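One structure is given below, encoded as structure tokens.
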Amino acid sequence: MTALSESPVETAVDGLVLTVDSVHIRHQVDGREVVKGVGFELAPGRVVGIVGESGSGKTLTCRAVLGILPPLFEVAAGAIHVAGKDVAALSRAELTELRGSTISAVFQDPASYLNPSIPVGPQVAEVIRVKKGAKRREARRRATELLAAVHLRDPELVYTQYPHELSGGMLQRVLIAAAIAAEPRVLIADEATTALDVTVQAEILDLLADLRDSTGLAIVLVSHDLAVVAQLCDEVLVMREGEVVEQGPTEQVLHNPRHDYTRLLVAEHEQYGLDRFLEES
Amino acid sequence: MTVLDVRDLEVHYGHRRQRRRALAGASLSIDAGEIVGLIGETGSGKSTFARAALGLVRPSAGRIVIDGEDVTGHRERQWRAVRRRGVVQYVFQDPLRSLDPDLTIGDSLMEPLLLKGVPRREAVDRARAYLGRVRLDDELLTRLPEQLSGGQRQRVAVARALITEPRLIILDEPVSALDAATRVQVLEILKDLRTAGIALLFISHDLGSVAGIADRVAVLYRGEVVEVGTAREVVTKPSHPYTRLLIGSAPTLRTAAAGRAERAALRELLHSGKGTPR
């Protein structure tokens, strides 16, 4: 069970970096509730996972936490606190300040978050200049360090390369480097490994685990795959059609699922995945 | 009986300085009634392997025998004859690519039969029968693909592949785009085909999606089949370092097969020997 419980054991009850308290999200025009009460807490160095199909409300929940809900969607009830600050009470400028410096995110398609006509290094350095007020040379030095920290081989070379010269896995590393550049307390990884090969997915998950262990980064890991979430998370929420149908410590959700939908997800892995062979060995 | 026999297959793309080897001597055979999973990641050559077996790309060396017929040196005209007989069929990841959006499900299913000269009345009956075989209601016959769910569409694509009674079906990531519940339905249907004596080549980047239904699994790495065995052998006793990394990387509900440190060591090993798989 080591892989499931590699994170530090101590739980800081105070000093939570993120609290999501029964958040409801509504479509402003048709009044439809698309997220019906999501709640969880996150302490430094902890990882919470959200599992669900597309349309389950997991991504909208993340966007609400980041204060970037798409047009016409609003938080209808509940509260979100990032490092003690009520997101709803912040001005647009304060939210922008919060994003990147305290909470940041990576998504499924890394290429779409980078400017194709600028080498990737300066794009990471830009974050450091804007968020940390660093001078050019210092930003470049720090960006190169970050590219090394996300295990990119030859960070000096990668610094000068354009997005099209890098593979999907390398681009996602660059995005993670940019996301952690301003030393946030919380990182949201929304389907960040979905488009990647299995071995590359494992590299990225290992990288996230390394960052958690070395910097105490708290992570919200969102995936359609229960097994991906199982690799890293202390707690799991299973969402379906806007509702949290199951929530609890990872061990409990995996080995003693209560809801039929969670049972289906577990059964699929046991019958068709590697699990059925690994259990015997 | 061997339905597909591929020996030392090499395929190159491009010319002169841009010439790049996509397959470097890959060998694999599939028997009737057998499901073989071909696992490969980006750049492994798995799509090239499928394209070669469908006559869409010309091998530069090696041999391909399908249902006893050596097709290695076939010209386009000969390949068209092979395809028209419906010996080999193909199912894409995205069923919308296998189905014409303007044709009703019934017309899509009957098309390959009518091309073969089967009378219309018989074609209708068979369309109905094969729809039943993939556990779909025959009221779908008059619908268009866009009116079906993703899982229904993929089952129609399987029915369309089955209707010519092929000896071999090549499926490229057939369940990757489906959600958990429909994925299981499609896998169950594919499993049942074993009894019909059809050979299935199930191509995927994800060993996990294949391990549950494949009789044998082949691992393709940098254009070579580096490991073949029963799914159980490959998963529990992988011999090639790349297979070990692949299995150690596959997310499971239990403890990961390899720890973080072991994965890092395997990556170093592969990187120092033949470069990192990316």
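Those protein sequence lines, which keep their order, are chains A and P.
In terms of my numbering, the first sequence is residues 555 to 835.
In terms of my numbering, the second sequence is residues 24 to 301.
Virtual Cβ for every residue (Gly too), placed ideally from N, Cα, C.
This structure is a prediction, so every number in the text was calculated from the model and none was measured.
Query: Below 9 Å between beta carbons is the criterion; list the residues of the region 168-195 of chain P that meet it against any residue of chain A, in chain order.; Result: none
Query: Compile a chain-ordered list of the residues in the region 45-56 of chain P whose CB is closer than 8 Å to at least one CB of chain A.; Result: none
Query: Please tell me whether residue 109/P and residue 218/P are closer than 9 Å, where the distance is taken between their beta carbons.; Result: no
Query: Can you find the residues in the same chain that come closer than 7 Å, C-beta to C-beta, to residue 762/A, ignoring five residues on each side of it along the sequence?; Result: 743, 773, 786
Query: With respect to the beta strand (DSSP E) encompassing residue 760/A, which residues constitute its N-terminal and C-terminal limits?; Result: Taken as a continuous stretch (DSSP letters only), residue 760/A belongs to no beta strand (DSSP E), being part of the alpha helix (DSSP H) at 752-769.
Query: Starting from the beta carbon of residue 224/P, find every residue of chain A whose beta carbon is closer than 8 Å, and list them in chain order.; Result: None at all; the shortest Cβ gap to chain A is about 18 Å.
Query: With a floor of 3 residues, list each beta strand (DSSP E) that falls wholly inside the region 584-660 of chain A, ordered by position along the chain.; Result: 587-596, 601-605, 627-636, 657-660
Query: What do you reckon, are the CB atoms on residue 759/A and residue 598/A nearer than 9 Å?; Result: no
Query: Just list the residues that DSSP pairs residue 32/P with in beta bridges.; Result: 49/P
Query: Determine, for residue 826/A, whether the minimum Cβ-Cβ distance to residues of chain P falls below 9 Å.; Result: yes
Query: List the whole-angstrom C-beta distance separating residue 731/A from residue 807/A, where the pair is believed to meet the contact cut-off of C-beta under 8 Å.; Result: In fact, because the Cβ distance is near 31 Å, the residues do not count as touching under 8 Å.
Query: I need the straight-line Cα distance from residue 638/A to residue 40/P, nearest angstrom please.; Result: 60 Å
Query: Look at the Cβ atom of residue 240/P, then the Cβ atom of residue 249/P, and state whether they are nearer than 9 Å.; Result: no
Query: Sorted by chain position, which residues of the same chain lie with C-beta nearer than 6 Å to residue 30/P's C-beta, five sequence neighbours on each side aside?; Result: 50, 85, 86
Query: Starting from residue 829/A, find everything on chain P with Cβ-Cβ shorter than 8 Å and list it in chain order.; Result: 275, 276, 277
Query: If the cut is a Cβ gap below 8 Å, which residues of chain A does residue 263/P touch?; Result: Chain A residues near residue 263/P: none, gap ~13 Å exceeds 8 Å.
Query: Please confirm if the region 117-137 of chain P is in contact with the region 161-171 of chain P, defined as three or more CB-CB distances below 8 Å between the two stretches.; Result: yes
Query: Taking only runs that begin and end inside the region 37-86 of chain P, name each unbroken beta strand (DSSP E) of 3 or more residues, in chain order.; Result: 43-54, 58-62
Query: When you check each C-beta in the region 217-241 of chain P against every C-beta of chain A, which residues fall closer than 9 Å?; Result: 228, 229, 230, 231, 232, 233, 234, 235, 236
Query: Inspect the CB distances between the region 664-680 of chain A and the region 607-616 of chain A and report whether three or more fall short of 8 Å.; Result: no
Query: Could you name the residues of the same chain whose beta carbon sits closer than 7 Å to that of residue 264/P, not counting the 5 residues immediately before and after it, in chain order?; Result: 289, 292, 293
Query: Could you check whether the region 195-204 of chain P touches the region 129-139 of chain P, counting it as contact only if at least three pairs of C-beta atoms, one from each stretch, sit closer than 8 Å?; Result: no
Query: Residues in the same chain with beta-carbon distance under 8 Å from residue 698/A, minus the five sequence neighbours each way, listed in chain order, please.; Result: 675, 709, 710, 713
Query: Helix, strand or coil: which one does DSSP assign to residue 248/P?; Result: strand
Query: For residue 713/A, does the three-state DSSP call read helix, strand or coil?; Result: helix
Query: At 7 Å on the CB atoms, spell out the chain P contacts of residue 674/A, in chain order.; Result: In chain order: nothing, as chain P lies at least about 16 Å away.
Query: At 8 Å on the CB atoms, spell out the chain P contacts of residue 792/A, in chain order.; Result: In chain order: nothing, as chain P lies at least about 11 Å away.
Query: Can you pull the chain A neighbours of residue 207/P, defined as C-beta to C-beta under 9 Å?; Result: 818, 821, 822, 825, 826
Query: Tell me which residues share the same chain as residue 34/P and place their Cβ nearer than 7 Å to its Cβ, disregarding the 5 neighbours each side in the sequence.; Result: 45, 46, 71, 75, 80, 82, 83
Query: Would you list, in chain order, the members of the region 62-76 of chain P that have their beta-carbon closer than 8 Å to a beta-carbon of chain A?; Result: 64, 65
Query: Counting C-beta neighbours from all protein chains within 10 Å, is the total for residue 295/P 16 or more, i.e. buried, or is it exposed?; Result: exposed
Query: Kindly indicate which residue of 792/A, 715/A, 769/A has the alpha-carbon position closest to the one of residue 778/A.; Result: 792/A
Query: Would residue 718/A pass as an interface residue toward chain P - the criterion being a Cβ-Cβ separation below 9 Å?; Result: no
Query: Helix, strand or coil for residue 737/A? Go by DSSP, reduced to three states.; Result: coil
Query: State the start and end residues of the unbroken alpha helix (DSSP H) segment that holds residue 115/P.; Result: No alpha helix (DSSP H) holds residue 115/P; DSSP gives it neither H nor E.
Query: Measure the C-alpha to C-alpha separation of residue 817/A and residue 783/A and round it to an integer number of angstroms.; Result: 15 Å
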